[in-house]
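Enquirer: Encoded as structure tokens, here's the structure I'll be asking about.
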Amino acid sequence: FYAGRAGYVYEPSLKEIDEMTKTLRSERPIPCNAVQLTGGEPCLREDLVDIIKLVKSSGIDHVQLNTNGIRLAQDPELVEQVCAAGVNTLYLSFDGVSEKTNPKNHWEVPQIIENCRKAGLGIVLVPTVINSVNDHEVGDILKFGLKNIDIIRGVNFQPVSLVGRMPREERERYRITIPDVIKRIEEQTDGEIRTEDFFPVPTAMAISDFVESLAKRPMYDISSHFACGAATYVFQDNGRFVPLTRFIDVDGFLEYLGEKSQELKAGKSKFLVGTKLLYSIRKFIDKEKKPKGLDVDKILFNAFVKHDYDAIGKFHIKPLFIGMMHFMDLYNYDIERVKRCCIHYAMTDRRIIPFCAFNVIPEWYRDKTQESQGVSFEEWEAKTGRKLKSELYKRDVEKLKSSPAYKKFVEQVEEIKARAAAQRA
């Protein structure tokens, strides 16, 4: 939406955004129902609330706002407005718990969280993980998320994509993969979250295949390449991580769903299959180990049999989602992965482009399109009556550090560090 560094300003009009949304909604056999607004920095759009309302009115169920959150820290009223307009989740850049690892928005994050807490807007923390830079803090990031689980719904780690030319020595220094990050998590949570707790994203196909067979209509097949992502869910028990796999036999349950899918495809009554599922779900759940107050068998039944979107939403309120998405770069580009991509960019010319194709070869898609449709700074200033220099953010570190929100943040991080030190001792 806004990229001063590019040398021009690219801001699609409301009409163009409407056309892009219509393109997504016209996809078949399943219309797109989830959109992320990204940039640049989308919160610099003066008409952001109108954009959100426009997207939501098209029939989109889930709207994410991808942001550094700085404007949202300054303007709690804007947080209320974007939430009321239809944003479901704030996709917040968060590269670490210290000034050194997260210079982008370290001082603003505490106030962003407090403003979202007051508005009831859930947050997903999004750390870009770089080997030798912030990979030593992945455990602390998760612990911070757990301390604020009332408003932080998940942490989605993104192993760095290496952009531009760089010597092999530098690539090896900064490169980190999904298995590397998972290993760091196991080490830095003292084994509370283990490697085997994670599942590749296409694992979800067993679920979508069952729901599709039951509903007799097309459902999403999250059939992305196994190397593109991994995920798990963790719950809290007295400040400790309790992964989903500790009390649910996930492998057994997915295998069971596969068997039921085949029965449905063979013509078996969906009423009988659904009824049997209601009673069989319980055998995959260890009620002695499950978190207190979590009626997981009811939530699963509503999600799978009733296809209840709200039930899935309620499930996400209880645990902390941990995801990973490793976007490609020129050094590991794989056409087979691109072919199976399930994250796309909508273009103003109504094309839909896979994420990694759009960003890894920018001269073909991203830069070519945005530069041709962008305007010079002078044109933008004349059109909007605003000055780019006046838009630059001036951080008052001392003022931010003196806020109650920041002091609370520091206390939480110190508690995390102290507990880790005590465990090591």
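So the sequence shown is numbered by the working numbering: it starts at 10 and just counts up by one. For glycine and all other residues, C-beta sits at the position ideal for the given N, C-alpha and C.
1) Could you tell me the distance, in whole angstroms, from the CA atom of residue 98 to the CA atom of residue 147?
2) What residues in its chain sit with their C-beta under 8 Å from that of residue 10, if we drop five residues either side in the sequence?
3) What separation, rounded to the nearest whole angstrom, lies between the Cα atoms of residue 442 and residue 80?
4) State the start and end residues of the unbroken beta strand (DSSP E) segment that holds residue 100.
5) Under three-state DSSP, which class holds residue 257?
6) Enumerate in chain order the residues of its own chain whose CB-to-CB distance from residue 235 is below 7 Å, with the five nearest sequence positions on each side excluded.
7) Residue 140 and residue 194 look like a contact to me (Cβ under 8 Å); what is the Cβ gap, rounded to whole Å?
8) Buried or exposed: which applies to residue 39, given that a residue is buried once 16 or more other Cβ atoms fall within 10 Å of its Cβ?
9) In three-state DSSP terms, what is residue 145?
10) Is it right to say residue 222 is buried, meaning 16 or more other beta carbons lie within 10 angstroms of its own, or is it exposed?
11) Should residue 409 and residue 402 be called a contact, given that it needs their Cβ atoms to be closer than 8 Å?
12) What three-state label does DSSP hand residue 172 in the structure shown?
13) Return the bridge partner residues of residue 332 from the DSSP annotation.
14) DSSP state of residue 359, grouped into three classes?
15) Taking the alpha helix (DSSP H) that residue 393 belongs to, which residues open and close that run?
16) Compute the Euclidean distance between the alpha carbons of residue 390 and residue 57, then round it to the nearest angstrom.
17) Let me know if residue 167 comes out buried or exposed under the rule of 16 or more other beta-carbons within 10 Å of its beta-carbon.
18) Suppose you measure from the CA of residue 241 to the CA of residue 202; what does that come to, to the nearest Å?
19) Any contact between the segment 372–382 and the segment 251–259? By contact I mean 3 or more CB pairs, one from each, below 8 Å.
20) Would the beta-carbon of residue 332 fall within 8 Å of that of residue 200?
21) Which residues does DSSP list as the beta-bridge partners of residue 437?
22) Run the CB neighbour count on residue 76, radius 10 Å, all protein chains shown included, and call it buried at 16 or more, exposed below.
23) If you drop the 5 nearest sequence neighbours on each side, which residues of the same chain put their C-beta closer than 6 Å to that of residue 255?
24) What's the C-alpha gap between residue 352 and residue 340?
25) Give, in chain order, every unbroken run of the alpha helix (DSSP H) that is at least 4 residues long and sits entirely within the segment 206–235.
Expert: Reading it off the structure:
1) The alpha-carbon atoms of residue 98 and residue 147 are separated by roughly 21 Å.
2) In this prediction, residue 10 scores a pLDDT of 42, lower than 50, which makes its location untrustworthy; the coordinate-derived value is nonetheless stated afterwards. Excluding residues within five positions, the ones whose Cβ falls inside 8 Å are 19, 20, 21, 46, 47, 48, 49, 50, 51, 53, 54.
3) Only positions 10 to 434 of the chain appear in this structure, which leaves residue 442 out of reach.
4) Per DSSP, the continuous beta strand (DSSP E) segment holding residue 100 begins and ends at 98–102.
5) Reduced to three states, the DSSP call for residue 257 is strand.
6) Correct list, in chain order: 209, 211.
7) That pair is no contact at about 14 Å.
8) It counts as exposed.
9) Helix, per DSSP.
10) Residue burial annotation: residue 222 is buried, with at least 16 other C-beta atoms found within 10 angstroms of its C-beta.
11) Cβ atoms of residue 409 and residue 402: not closer than 8 Å.
12) When secondary structure is reduced to three states using DSSP, residue 172 falls in the coil class, being assigned neither helix nor strand.
13) DSSP output for residue 332 lists 165, 240 as bridge partner(s).
14) It is coil, neither helix nor strand.
15) First-last of the alpha helix (DSSP H) with residue 393: 386–393.
16) The C-alpha of residue 57 is placed about 18 Å away from the C-alpha of residue 390.
17) Answer is buried; the Cβ neighbour count reaches 16.
18) Between residue 241 and residue 202, the C-alpha separation is close to 9 Å.
19) Contact between the segment 372–382 and the segment 251–259 is absent: fewer than three C-beta pairs spanning the two stretches fall below 8 Å.
20) No. Outside cutoff.
21) Residue 437 lies beyond the stretch modelled for the chain, which goes from 10 to 434, so this question has no answer here.
22) Buried, because 16 or more other Cβ atoms sit within 10 Å of the Cβ of residue 76.
23) If we look at residue 255 and ignore the five residues flanking it on each side, its Cβ neighbours are 298.
24) Between the alpha carbons of residue 352 and residue 340 lies a gap of roughly 20 Å.
25) With a minimum length of 4 residues, the unbroken runs of alpha helix (DSSP H) contained wholly in the segment 206–235 fall at 214–224.
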